[in-house]
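Note sheet for the following structure.
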Amino acid sequence: MIIKSLDPRITRAGIDDESKDGIQQPMDQWHTYEVFQQKKRGTHHVHVGSLHAPDAELAVLFAKEQYARRGQCVNLWVVKTSDVFATEYEDEDIFTTTPEKKYREPEVYKVMDRIQAFKAKQNS
Amino acid sequence: MELTERHVEGLKELLYKMADDLLILGHRNSEWTGLGPVLEEDIAFSSMAQDKLGQSLALFELLHELGENIPDIVAFTRNDKQFHNCHLVEMPIGEYDFSLARHFFYDHADALRFAMLENSSFEGLSMISRKFKGEIKYHTMHADVWMKQLSYGTEESKARMQSAINEVFPLALGIFEEGEFEAELIEAGIFIGEAALKAQWLEKVGAELHKYGYTLPDPEAVIPALGGRKGFHTEHLQPLLNEMSEVFQIDPGADW
Chain Z
10 MIIKSLDPRI
20 TRAGIDDESK
30 DGIQQPMDQW
40 HTYEVFQQKK
50 RGTHHVHVGS
60 LHAPDAELAV
70 LFAKEQYARR
80 GQCVNLWVVK
90 TSDVFATEYE
100 DEDIFTTTPE
110 KKYREPEVYK
120 VMDRIQAFKA
130 KQNS
Chain S
225 MELTERHVEG
235 LKELLYKMAD
245 DLLILGHRNS
255 EWTGLGPVLE
265 EDIAFSSMAQ
275 DKLGQSLALF
285 ELLHELGENI
295 PDIVAFTRND
305 KQFHNCHLVE
315 MPIGEYDFSL
325 ARHFFYDHAD
335 ALRFAMLENS
345 SFEGLSMISR
355 KFKGEIKYHT
365 MHADVWMKQL
375 SYGTEESKAR
385 MQSAINEVFP
395 LALGIFEEGE
405 FEAELIEAGI
415 FIGEAALKAQ
425 WLEKVGAELH
435 KYGYTLPDPE
445 AVIPALGGRK
455 GFHTEHLQPL
465 LNEMSEVFQI
475 DPGADW
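So the sequence lines, in the order shown, correspond to chains Z and S.
With our numbering applied, the first sequence covers 10 to 133.
With our numbering applied, the second sequence covers 225 to 480.
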């Protein structure tokens, strides 16, 4: 049975609704790319999503329409997803910081009084 | 210089053929929406089809400023004899190779035409030419990359593209069918004329195709598809117009 639709384009395309072709075919020649968008020169590129493309050249062209059609953009990066080396979620615990980290922060060291005193002594 | 009546007629003729090409091709290309070969390409191609409708609207607005009817009326109430688009843009979308070859030939012509018009003495045209420059540049980049991809794809992909190039080329030559007012447009500095544009275009598409290992057919050895600019069309245009204006015709006075 050819699909009949209210949309004349669909009807015209003569798609067989019995056909399972295309649905089960893996996209074995296309890669997944991660897209990074820069909104203003000098700012960081920010990850905005991913897409399928046969190579990087088409990936940036697709990325432009998929992620940068609306809103500001001055530059796009695409990176093959398989080139991204990531941590494992099972190692998520490496990010849990010890609760008391104050010793790493300069403001906890109350040394200004002693510095001022030292300077005063030098000048006298 | 002071524009005479013939200059204005020539300007209108130029605006009409550009606007009609963009409107019809924009509609044709939008027929791929939802049917594109892959989602990403579907989005890109549909998006460019919308750009074309936007560009045609800007041209219809310039025509309105010159005393023609409002864009909706002009776009949706004329019949095929009143359209000035070339045959290239009215042909059905065919297979994707046909649509890509048409995209390549048309968009390079469009990019060169708008680049020339950046220096037009008619300010409205030079303004919109600058405005759409980036949009059109993307269209040619997209077309070129597909030409390249399919040339370096498989033997079949390259052969199919070459055969689509051969099929589309005579149609594409119809873009440059000269109008009645070429001399006036050149004289007034509005546009440098179809012959000059065609020469630039042949050089550009020839070089581009050569880069990817395709052959541009000999323009002297094919018969260009002419007549569109004068209102003579193929049997494909009127059904497209019927479909395009279907909703508008239900209630032409509706407020949107």
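The C-beta atom is built at its ideal place from N, Cα and C for all residues, glycine as well.
Alpha carbon to alpha carbon, how far is residue 243(S) from residue 425(S)? Give it in angstroms, no decimals. Counting from 1 along the second sequence, the entry for residue 425(S) is found at position 201. Counting from 1 along the second sequence, the entry for residue 243(S) is found at position 19. Approximately 19 Å between the Cα atoms of the pair.
I want to verify the contact list: residues of chain Z whose CB lies under 9 Å from the CB of residue 373(S), in sequence order. Taking the first residue of the second sequence as 1, we reach residue 373(S) at position 149. Per Cβ cutoff of 9 Å: 63, 64, 66, 67.
So what does DSSP say about residue 52(Z), is it helix, strand or coil? To locate residue 52(Z), count along the first sequence from 1; it is residue 43. Coil at residue 52(Z), not helix or strand.
Could you give the DSSP three-state label for residue 84(Z): helix, strand or coil? In the first sequence, counting from the first residue as 1, residue 84(Z) sits at position 75. For residue 84(Z), the secondary structure class from DSSP, reduced to helix, strand or coil, is strand.
Would you mind listing the alpha helix (DSSP H) stretches within the segment 350-403 of chain S that are 4+ residues and don't spill past its ends, in chain order? 357-375, 379-397
Cβ of residue 79(Z) less than 8 Å from any chain S Cβ? As a position in the first sequence, residue 79(Z) is number 70, starting the count at 1. Closer than 8 Å: no.
Does DSSP classify residue 122(Z) as helix, strand or coil? Reading the first sequence from its first residue, position 113 is the one you call residue 122(Z). In this structure, residue 122(Z) counts as helix in the three-state DSSP scheme.
Does the CB of residue 75(Z) have a neighbour CB from chain S at under 8 Å? By one-based count along the first sequence, residue 75(Z) stands at place 66. Yes, because at least one Cβ of chain S sits closer than 8 Å to the Cβ of residue 75(Z).
Following the continuous beta strand (DSSP E) through residue 47(Z), name the residue where it begins and the one where it ends. Counting from 1 along the first sequence, the entry for residue 47(Z) is found at position 38. Per DSSP, the unbroken beta strand (DSSP E) holding residue 47(Z) starts and ends at 40-47.
In chain order, what residues of the same chain lie with their CB nearer than 8 Å to the CB of residue 342(S), ignoring the 5 residues before and after it? On the second sequence, residue 342(S) is found 118 positions in, with the first residue counted as 1. Contacts found: 350, 353, 354, 357.
In angstroms, rounded to a whole number, what distance separates the CA positions of residue 86(Z) and residue 473(S)? Walking along the first sequence from the start, residue 86(Z) turns up at place 77. Walking along the second sequence from the start, residue 473(S) turns up at place 249. So the alpha carbons of these two residues sit roughly 46 Å apart.
Does chain S have any CB closer than 8 Å to the CB of residue 60(Z)? Counting from one through the first sequence, the residue named residue 60(Z) turns up at place 51. So yes, residue 60(Z) belongs to the interface.
Coil, strand or helix - residue 25(Z) by DSSP: As a position in the first sequence, residue 25(Z) is number 16, starting the count at 1. Three-state DSSP puts residue 25(Z) in a strand.
Helix, strand or coil for residue 267(S) per DSSP? One-based indexing of the second sequence puts residue 267(S) at position 43. Three-state DSSP puts residue 267(S) in a helix.
Skipping 5 residues on each side, what residues in its chain have a beta carbon closer than 7 Å to that of residue 305(S)? By 1-based counting over the second sequence, the position of residue 305(S) is 81. These residues qualify, in order along the chain: 455.
Touch test, the segment 268-287 of chain S against the segment 121-133 of chain Z, Cβ-Cβ under 8 Å, three pairs minimum: no
For residue 449(S) versus residue 332(S), is the C-beta spacing smaller than 8 Å? To locate residue 449(S), count along the second sequence from 1; it is residue 225. To locate residue 332(S), count along the second sequence from 1; it is residue 108. Against a cut-off of 8 Å, the Cβ pair of residue 332(S) and residue 449(S) comes out as no contact.
So with CB distances below 8 Å, who are the chain S contacts of residue 71(Z)? Position 62 of the first sequence, counted from the first residue, corresponds to residue 71(Z). Near residue 71(Z) (Cβ distances below 8 Å), the residues of chain S are 264, 265, 267, 268.
Cβ-Cβ distance between residue 393(S) and residue 313(S) below 8 Å: What you label residue 393(S) is simply residue 169 of the second sequence in a count that begins at 1. What you label residue 313(S) is simply residue 89 of the second sequence in a count that begins at 1. Taking 8 Å as the Cβ cut-off, residue 393(S) and residue 313(S) do not qualify as a contacting pair.
Have a look at residue 379(S) and residue 373(S) and give me their C-alpha separation to the nearest angstrom. Counted from its first residue, the second sequence places residue 379(S) at position 155. Counted from its first residue, the second sequence places residue 373(S) at position 149. Going from the Cα of residue 379(S) to the Cα of residue 373(S) covers about 12 Å.
Exposure of residue 370(S), with buried meaning 16 or more beta-carbon neighbours within 10 Å: Position 146 of the second sequence, counted from the first residue, corresponds to residue 370(S). By the 10 Å Cβ count, residue 370(S) comes out buried.
Rounded to whole angstroms, what is the Cα-Cα separation between residue 114(Z) and residue 68(Z)? Here residue 114(Z) refers to the residue found at position 105 when the first sequence is read from its first residue. Here residue 68(Z) refers to the residue found at position 59 when the first sequence is read from its first residue. Distance from the CA atom of residue 114(Z) to the CA atom of residue 68(Z), rounded to whole angstroms, is 43 Å.
Is the CB-CB distance between residue 417(S) and residue 406(S) below 8 Å? Working through the second sequence from its first residue, we reach residue 417(S) at position 193. Working through the second sequence from its first residue, we reach residue 406(S) at position 182. Taking 8 Å as the Cβ cut-off, residue 417(S) and residue 406(S) qualify as a contacting pair.
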